[in-house]
Amino acid sequence: MARRANLSIFKDKAGMETLSIFEVDREVHEDNPENFELDPRDKTSREKEEPTKSVVLDEAEPDKTVKIGARLTEQVKKDVTSLLKEYKGTFAWCHEDMPGIDRSVISHNLAVNEKCKPVVQKRRSFNPERSVAIKEEVSKLLAARSIREVKYPEWVANVVLVKKKNNQWRMCVDFTDLNKACPKDSFPLPRIDQLVDATAGHETLSFMDAYLGYNQIKMHKPDEEKTAFTIDQGLYCYTVMPFGLKNAGATYQRLVNKMFARQIGRNMEVYVDDMLTKSITADRHTDDLRETFDVLVRYGMKLNPAKCVFGVPSGRFLGYQVHQRGIEVNPEKIQALAKMVSPRTLKDVQKLTGCLASLSRFIAKSTDRCLPFFKALKKRKGVEWNEDCEKAFQALKDYLGQAPLLSKPETGETLYMYLSVSEAATSSVLVRQEDGIQKPIYYTSKALLPAETRTAIKAQAVADFVAEFTKPSIEVARMMVEQNKKIFKWQLRVDGSSNMHGSGAGVVVSTPEGDSVECALRFDFKAINNQAEYEVLIAGLKVCTVLGADEVEIFSDSQVVVNQVLDEYQVRDESMITYLELAKELLGRFKEYKIIHVPREEKEQADALAKLASATINIWPKSISMIRLLQPSIVKSKEVGAVFGERNS
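Just so it is clear: in the sequence shown, position 524 is 524 by the UniProt record's numbering, and no numbers are missing.
Below, the structure is given as structure tokens:
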């Protein structure tokens, strides 16, 4: 039997990571117990680790028993036992106990394409052992009226025998040709992850399995003969829906959705023939079970007592271990992986990826963890199991040995998502917080396609261009200043001013002790605005140097000067080039500096000093130093006089 497995890989806050989507084909032979079954309805998972006790349903027939949870309180145990005895007719012990669902409720319609030519398969031969097994199975089906003899069928298939784990034979029919002629029924099956999430968090659970579930649905009368098969004893066709037909799963899901429409999502979850009744508290479980059994009786569906267990706190459902605390990995799958030897062939690697497919939601950053396996599968000339593959394989074994418990989110609570991006994959984890501890809910991961790792830079180039040449608003500029702000011990605020009376500038230096040094500069030469801004910057840098500053943060309202110093603007004027070179030479004397453009209103003190220096007054406040520049700084310096608080006598 061929299987298709979807590998979907899934970082916690410190490294919660996740499985990319990858498909593999592999063969699963039921006679090999080491094969890893991907079917979420794997019947071997029905063996419960929770302690149970057998309950006799009818004292007259002590062999007819069902299992209930041994940890139930005496009162709940008594109520559940009484309920099961009341509905003992819901259980089937053989084919004869299963009348099936009435055709007025549902039947399986093949809808064969009339353009397809019927196929009669050539009859196969079987050895004596298999022939006896076929004869016995056909006798049982005839007695249960699940099959009938047919004459002149247009479609004829062969039977196929598959060895069970108990060494008995299972008879199947090869409907390959018939299935090709049937359209696909797109009726949706439930998402397994959602069913498991909805089940976790409940105190008491009951697991139920329909007795030969598919066979409880009858075939559409006109389609019965299309299911004909040939054996030594003759030709027979099914009156009930057999296993192996296309769309059989969709038909069964349509039935259970109709039956349990009022319960699904509230106190019950159903996936094809796997049914589960759940209760938030144990004392409500009997009422929830009664509601379920009433529906089963109304529709005539029968349960398999050997595969049912009632009133347990946890169990395996659709390949996961679910209980009130959350969701855990199926221990059987962990054991299968732990016992697996290092792969050597293509099928071995495919088997490994198949194992990981059903564990993906528990594996952090699983695409990155499994990347060596994917690379090995891409080899055209066989699989090369190298050192990287072996390291990844052993690391996965160690990780899954302590696989995380996945929590269940509560309605209305705040969830957090952490993202991780590597060269090969994008991963994420969804977490919830409980008592100050973050608990994972789901890991995800997706492998990046080759084209996704070679993204075009056109959009980025345009974005950079727009960002570079778009003037930010005052508010944006203020936010940028705050975000990029580093606390410097020395701060310098400068401002130049030029008017009809002359040119001047203001310098304010803030020291680490919190003191301020204020200087007003008066130019004895004519200076344009940009020249005045450079002069005050140069003068301010010289003052900082004299005061012993090693790190300085500079604030200027001249966008031109700031961007020229930052090499954002190009300088064309020869004199401005000289000014820029001198400014950078002075800046180079500091260990670190930062120059920021700010609006004029944010440095009113330096602005006032600049206006004072350009005025025609000769009287200065005592606290302000007056510096007179006789010529531009880019000309060889002459003596500069400093006047401190000159007053008229």
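Using N, Cα and C, we set each Cβ at its ideal position, and we do this for glycine too. Keep in mind that this is a model prediction, so the values were computed, not measured.
Cβ of residue i within 9 Å of Cβ of residue j?
{"i": "Leu629", "j": "Phe555", "result": "no"}
{"i": "Val270", "j": "Gln253", "result": "yes"}
{"i": "Phe91", "j": "Phe207", "result": "no"}
{"i": "Leu582", "j": "Ser633", "result": "yes"}
{"i": "Lys78", "j": "Asp58", "result": "no"}
{"i": "Gly249", "j": "Val272", "result": "yes"}
{"i": "Glu518", "j": "Val507", "result": "yes"}
{"i": "Leu541", "j": "Arg589", "result": "yes"}
{"i": "Thr227", "j": "Arg123", "result": "no"}
{"i": "Ile441", "j": "Ser420", "result": "no"}
So is residue i buried or exposed if we call it buried at 16+ other beta carbons inside 10 Å?
{"i": "Gln335", "result": "exposed"}
{"i": "Asp573", "result": "exposed"}
{"i": "Phe22", "result": "Low confidence applies to Phe22: its pLDDT is 29, below 50, so where it sits in the model is not reliable, and the reading given next is rough at best. That one is buried."}
{"i": "Cys237", "result": "buried"}
{"i": "Ser139", "result": "exposed"}
{"i": "Gln631", "result": "exposed"}
{"i": "Ser428", "result": "buried"}
{"i": "Arg344", "result": "exposed"}
{"i": "Met417", "result": "exposed"}
{"i": "Ile528", "result": "exposed"}
{"i": "Asn32", "result": "Confidence in Asn32 is poor, its pLDDT being 38 and thus under 50, which makes the residue's placement unreliable; the coordinate value appears in the next sentence. Exposed, because fewer than 16 other Cβ atoms sit within 10 Å of the Cβ of Asn32."}
{"i": "Leu449", "result": "exposed"}
{"i": "Ile595", "result": "buried"}
{"i": "Gly311", "result": "buried"}
{"i": "Gln531", "result": "buried"}
{"i": "Glu533", "result": "buried"}
{"i": "Val562", "result": "buried"}
{"i": "Val509", "result": "buried"}
{"i": "Val112", "result": "buried"}
Tell me the rounded alpha-carbon separation between residue i and residue j.
{"i": "Ser186", "j": "Lys246", "result": "11 Å"}
{"i": "Ala376", "j": "Glu384", "result": "6 Å"}
{"i": "Lys458", "j": "Asp464", "result": "10 Å"}
{"i": "Val341", "j": "Asp348", "result": "9 Å"}
{"i": "Lys184", "j": "Gln168", "result": "33 Å"}
{"i": "Thr204", "j": "Gly69", "result": "9 Å"}
{"i": "Asp368", "j": "Lys378", "result": "16 Å"}
{"i": "Leu566", "j": "Lys584", "result": "10 Å"}
{"i": "Leu72", "j": "Lys53", "result": "10 Å"}
{"i": "Val24", "j": "Thr353", "result": "Because the pLDDT of Val24 is 30, which lies under 50, any placement of that residue in the model is unreliable, and the number read from its coordinates should be weighed accordingly. Their backbone Cα atoms lie some 8 Å apart in a straight line."}
{"i": "Trp155", "j": "Ala181", "result": "11 Å"}
{"i": "Gln324", "j": "Asp197", "result": "11 Å"}
{"i": "Glu423", "j": "Arg454", "result": "10 Å"}
{"i": "Ala200", "j": "Pro372", "result": "34 Å"}
{"i": "His202", "j": "Lys278", "result": "6 Å"}
{"i": "Gly100", "j": "Met219", "result": "11 Å"}
{"i": "Cys355", "j": "Lys333", "result": "7 Å"}
{"i": "Ala338", "j": "Tyr152", "result": "54 Å"}
{"i": "Ser82", "j": "Gln75", "result": "11 Å"}
{"i": "Val173", "j": "Glu114", "result": "22 Å"}
{"i": "Asp495", "j": "Glu551", "result": "20 Å"}
{"i": "Val635", "j": "Lys591", "result": "27 Å"}
{"i": "Asp102", "j": "Lys258", "result": "14 Å"}
Please state whether DSSP places residue i in a helix, a strand or coil.
{"i": "Ala520", "result": "strand"}
{"i": "Phe590", "result": "coil"}
{"i": "Met576", "result": "helix"}
{"i": "Leu370", "result": "It is worth fixing the name first, because residue 370 is Cys in this sequence and not Leu. It is helical."}
{"i": "Glu149", "result": "strand"}
{"i": "Cys94", "result": "coil"}
{"i": "Arg628", "result": "strand"}
{"i": "Lys446", "result": "strand"}
{"i": "residue 684", "result": "The structure shown does not extend to residue 684, since the chain is modelled only from 1 through 649, so no value can be given for it."}
{"i": "Met268", "result": "strand"}
{"i": "Asn158", "result": "strand"}
{"i": "Lys117", "result": "coil"}
{"i": "Leu296", "result": "helix"}
{"i": "Thr414", "result": "coil"}
{"i": "Ser107", "result": "coil"}
{"i": "Cys389", "result": "helix"}
{"i": "Gly89", "result": "helix"}
{"i": "Met241", "result": "coil"}
{"i": "Thr545", "result": "helix"}
{"i": "Lys64", "result": "coil"}
Would the C-beta of residue i count as close to the ligand FAD, meaning under 8 Å from any of its heavy atoms?
{"i": "Pro313", "result": "As presented, the structure is devoid of all ligands, the ligand FAD included, so that no description of it is given."}
*Tell me the start and end of each unbroken alpha helix (DSSP H) in the segment 318-360 that is at least 4 residues and wholly inside, in chain order.*
331-339, 346-357
_Please give me, in chain order, every unbroken run of the beta strand (DSSP E) with length at least 3 that falls completely inside the segment 163-229._
169-173, 204-209
_List, from N- to C-terminal side, the beta strand (DSSP E) runs of 3 residues or more that fit wholly inside the segment 422-470._
425-434, 437-447
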